[in-house]
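Sequential numbering of the sequence shown, starting at 72, is according to our numbering. Inspection log for the structure reproduced underneath, given as structure tokens.
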Amino acid sequence: MHTFVNTVSRGYSIPIPCLSGGICVGVFDKRIDTFLAEYNDLREKDLYYYLQQVDQLDGAHVWIGGRRTVMFSSYSYLGLLKHPVVQERAREALDRFGTGTHGVRILAGTTAAHVQCEQRIASFFGTEDAIAYSSGYLANLSTISTLLGRHDVVITDKLSHASIIDGCLLSNAKFQRFKHNDLGDLKHLLEDAKDQFEGKLVVVDAVYSMDGDVCPLPELVDLCRKYGAWLMVDEAHSLGVLGETGHGIIEYFGMSPSDVEMLSGSLSKTLPAVGGFVAGRRDLIQFLRHTARGFVFSAALPPAAVAAVTASLDVIEEDPSLIATVRRNIKRFVGGLNEMGYDTMDTKSCVIPIIIGKPEPTLELTSRLHRDGMFVSPILPPAVPTNTCRLRANVTAGHTDEDIDFALDLLRRHGKDMGIIP
């Protein structure tokens, strides 16, 4: 009952009857029916927690079905959604350019707001240039598939995001994965690949979205240099969170932007807009602007959205208290969970995995928390390994001490009642 979310992306091996001409009958219906059987089962048991309609937003609180709930599933890590400076700059762009561009970027869809946004992303990360895509998913998929070909190899962490995996599959390059954060395994793959391929690319997440842990960047850089590989790091969950001033994984480890060939990320997590980006050398970015099909053939981002990104990066640099607040909140929440006996793995970010184990108690605990006013997401196989079912709670700067203590009280009460914690 817990695999339906991944039905389409992972596929099923279903026997399909075929006509004499070789045409399969009902193949699409069978796939849809398989999905709907699990979907309807969850809805009937009141265990479906996806696509819930939010009627109102107020900081870290949302209204769903007329009930006020504390949100612990939002990616608004610094609480910038509805920030007055961001709102004002977005409105100015809306008044100046309208709601859209009626064009792709390479033709008639580039406004001053788009150029300013890309320049601001580059300056924030200390790179020469940056390119903004229509989504974070597209940024990874299009960049990876554009750079690589059938004579190359791409190697990723086994826990890398789906956008990275799909870009690797689309590239026609040799695709290999190493054990999570296992430098020995990566070294073995790079050693095997050193004389076999024209180009070598290693792609990792700065912060892993299910575990909340951080990639070992210094060692990754050393390995890539030794074996002549490029390194691409996805900053989707680290922007605004890692580093003394929130500048991400490079700052977190005290390294130089030139140590990594490409940084990618999302414009819809810490940054309250939509889209994705890649930052790096100027020649690389110009190459992508003219050859990356996901950029060339996609409509330009709304001017108000890119203006919001520019404003948000300004706010992050001008208000370091936001980073201090989110760090304090993470410490309070994780410390409280660990004190109760919950396993939060090796998280060092806003992503807090609360390991439960099996699907049934995970869904039951989720149900209880939702009922009592805490919105949190259950994560089940195949998204995570068997027996590591979890709640994934996202802590933000928008949470007050009262919000965090409220959530901890619910987790303590229901965890004890269900026998999850002592």
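All C-beta atoms, glycine included, are put in the ideal place defined by N, C-alpha and C. Given the structure is predicted, the values throughout are model-derived calculations rather than measurements.
As DSSP reads the structure, residue 370 sits in a beta bridge with 175.
Residue burial is scored here from C-beta neighbours: residue 111 has fewer than 16 other C-beta atoms within 10 angstroms and is therefore classed as exposed. Note that the C-beta distance between residue 157 and residue 379 is below 7 angstroms. Here DSSP, grouped into helix, strand and coil, assigns residue 390 to coil.
Per the DSSP secondary-structure output, residue 460 pairs in a beta bridge with 428.
In the DSSP assignment, residue 234 falls within the unbroken alpha helix (DSSP H) covering 233 to 241. Measuring C-alpha to C-alpha distances from residue 250 to each of 235, 244, 226 identifies 226 as the nearest. The segment 394 to 411 and the segment 441 to 450 do not touch, with fewer than 3 CB-CB distances between them shorter than 8 angstroms.
In terms of CA proximity to residue 276, 319 leads the group 319, 152, 134, 381. Going by C-alpha positions, residue 166 is about 19 angstroms away from residue 383. In terms of Cβ geometry, residue 307 and residue 337 form a close pair [threshold 7 angstroms]. The beta-carbon separation of residue 281 and residue 230, rounded to 7 angstroms, stays under the 8 angstroms limit for a contact. For residue 430 and residue 458, the gap between their C-alpha atoms comes out near 8 angstroms. Measuring C-alpha to C-alpha distances from residue 345 to each of 209, 290, 272, 213 identifies 209 as the nearest.
For residue 450, the enclosing beta strand (DSSP E) covers residues 448 to 450. Taking each of 294, 292, 224 in turn and checking the Cα distance to residue 266, the smallest one comes out for 224. In the three-state reduction of the DSSP assignment, residue 337 falls in the strand class.
In the DSSP assignment, residue 132 is bridged to 129, 141. Residue 487 sits in a helix when the DSSP states are folded into three classes. Cα atoms of residue 335 and residue 438: separation of roughly 35 angstroms, rounded to the nearest angstrom.
Beta-bridge analysis with DSSP links residue 248 to 227. For the pair residue 311 and residue 418, the Cα-to-Cα distance works out to about 16 angstroms.
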